[in-house]
DNA sequence: CTTAAATAAGATAAGTTTGTCCGAAATAGA
DNA sequence: TCTATTTCGGACAAACTTATCTTATTTAAG
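Residue numbers (my numbering), protein chains in the order written: chain A, 1 to 144; chain B, 1001 to 1144.
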């Protein structure tokens, strides 16, 4: 459902968030070790997320990635997905038709809209802070 | 959300269904003209669907593709998606973790399950016959 | 100022999906 | 039987995603 880039992106952000809550900045190496993802590819994704303002990147020794606590409170999954995969998940016809809408719908338009809207709602309401807290308390897991 | 192959596959099957209702067998050329899809690629997808028993293929002059009315009554979208993309849409973790389940869930496991289950339910309950009928009556469209 | 540590960015490679081409096989009809 | 029409199947090509490698750029610390 998500691209690999998006999967790594979400996992990376959740790990950064978890450490940011504890006022710890984390390096690329720590991130890829903790979420078990390819180094260079993950670096590219983090660059994108940094440019989009989802995470902050700091160069130089003792540099790394972090999320300010203020940002973290408001951050939703949708911001991550949007920065990496764009809005193609929300938009676009289920059958790939350019001119599909409620007036001139493709055959699966109405059925599909439900699923897509549910996905959109889920991404826009799920809080990164809350997910990160759950990892911290051992309720959920980022590896394997 | 679906692969291109799956998009073409669904559109092709819906067109074949629409014509099968009128006891008309259709050739590859007719199909690709009506759903505006690449010829050779669509042929590959139809081969897969024929091998999976979703459509019947007849070789030779006046050959083509059709769906028996008996099959058509029971055919759901899930059979098409399954034949082309497999069950990867239903199975698998939203974050790509191999060992993610209700006992050891990834951070988005519960949120994601809702969306996936809604998609599954939609595919398994949506009837190809009904969708094809709607196209025939001009309520929905396969092109553009 | 120099060095070392860290991210940024561009080039390149590998893998997968999408798409094309061409000859083989089947078959209806003359 | 011969021919034309149609699907089948394998090989190939293009485009996109995923992944790697190498060289900058930034910057903290000695």
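Backbone N, C-alpha and C fix where the C-beta goes; we use that ideal spot for every residue, glycine too.
Looking only at DSSP bridge pairs, what is residue i linked to?
i	result
residue 1076 of chain B	B/1127
residue 1057 of chain B	B/1065
residue 13 of chain A	Answer is none; residue 13 of chain A lacks a bridge partner.
residue 26 of chain A	A/65
Cβ closer than 8 Å: which chain A residues qualify as neighbours of residue i?
i	result
residue 1042 of chain B	Within 8 Å Cβ-Cβ: nothing; residue 1042 of chain B doesn't reach chain A, min ~13 Å.
residue 1061 of chain B	What residue 1061 of chain B touches in chain A: nothing, since even the nearest Cβ is about 31 Å away.
residue 1134 of chain B	107
residue 1114 of chain B	118, 122
Of the choices the options, whose alpha-carbon is the least far from that of residue i?
i	options	result
residue 56 of chain A	A/124, A/118, A/27	A/27
residue 1124 of chain B	B/1001, B/1022, B/1077, B/1010	B/1077
residue 97 of chain A	B/1015, B/1075, B/1095, B/1035	B/1035
residue 1130 of chain B	B/1003, B/1110, B/1013, B/1005	B/1013
residue 7 of chain A	A/24, A/38, A/18	A/38
residue 1043 of chain B	B/1122, B/1005, B/1099	B/1005
residue 115 of chain A	B/1112, B/1119, B/1109	B/1119
residue 1079 of chain B	B/1109, B/1050, B/1144, B/1024	B/1050
residue 1023 of chain B	B/1085, B/1046, B/1072, B/1040	B/1072
residue 1016 of chain B	B/1086, B/1090, B/1100, B/1132	B/1132
residue 1048 of chain B	B/1021, B/1085, B/1059, B/1074	B/1085
residue 70 of chain A	A/144, A/127, A/143	A/127
residue 1117 of chain B	B/1091, B/1106, B/1142	B/1091
residue 137 of chain A	B/1032, B/1107, B/1002, B/1113	B/1107
residue 1003 of chain B	B/1135, B/1122, B/1081	B/1081
residue 1113 of chain B	A/122, A/112, A/105	A/122
residue 1134 of chain B	B/1019, B/1009, B/1001	B/1019
What residues of chain A sit near residue i, judged by a beta carbon separation below 7 Å?
i	result
residue 1099 of chain B	144
residue 1014 of chain B	107
residue 1011 of chain B	95
residue 1007 of chain B	95, 96
For residue i, go through chain A and note every residue whose CB falls closer than 9 Å to its CB, in chain order.
i	result
residue 1004 of chain B	96
residue 1111 of chain B	77, 122, 123, 125, 126, 131
Buried or exposed for residue i, please, with buried defined as at least 16 other CB atoms from any protein chain shown within 10 angstroms of its CB.
i	result
residue 1053 of chain B	exposed
residue 1061 of chain B	exposed
residue 1011 of chain B	buried
residue 101 of chain A	exposed
residue 103 of chain A	exposed
residue 88 of chain A	exposed
residue 177 of chain A	No answer is possible for residue 177 of chain A: the residues shown for chain A start at 1 and end at 144.
Considering residue i, what are the terminal residues of the alpha helix (DSSP H) in which it resides?
i	result
residue 1087 of chain B	Unbroken run through residue 1087 of chain B: none, as it is neither H nor E.
residue 40 of chain A	39-51
Run through chain B and tell me which residues come within less than 9 Å of residue i, C-beta to C-beta.
i	result
residue 104 of chain A	1140, 1141, 1144
residue 21 of chain A	Correct list: empty, because the minimum Cβ distance to chain B is about 14 Å.
For a contact meaning CB atoms closer than 7 Å, what does residue i contact in chain B?
i	result
residue 159 of chain A	Any property of residue 159 of chain A remains undetermined from this structure, which presents chain A solely from 1 to 144.
Under 8 Å between beta-carbons, which chain B residues line up against residue i? List them in chain order, please.
i	result
residue 28 of chain A	Neighbours of residue 28 of chain A on chain B: none; closest Cβ ~19 Å, over 8 Å.
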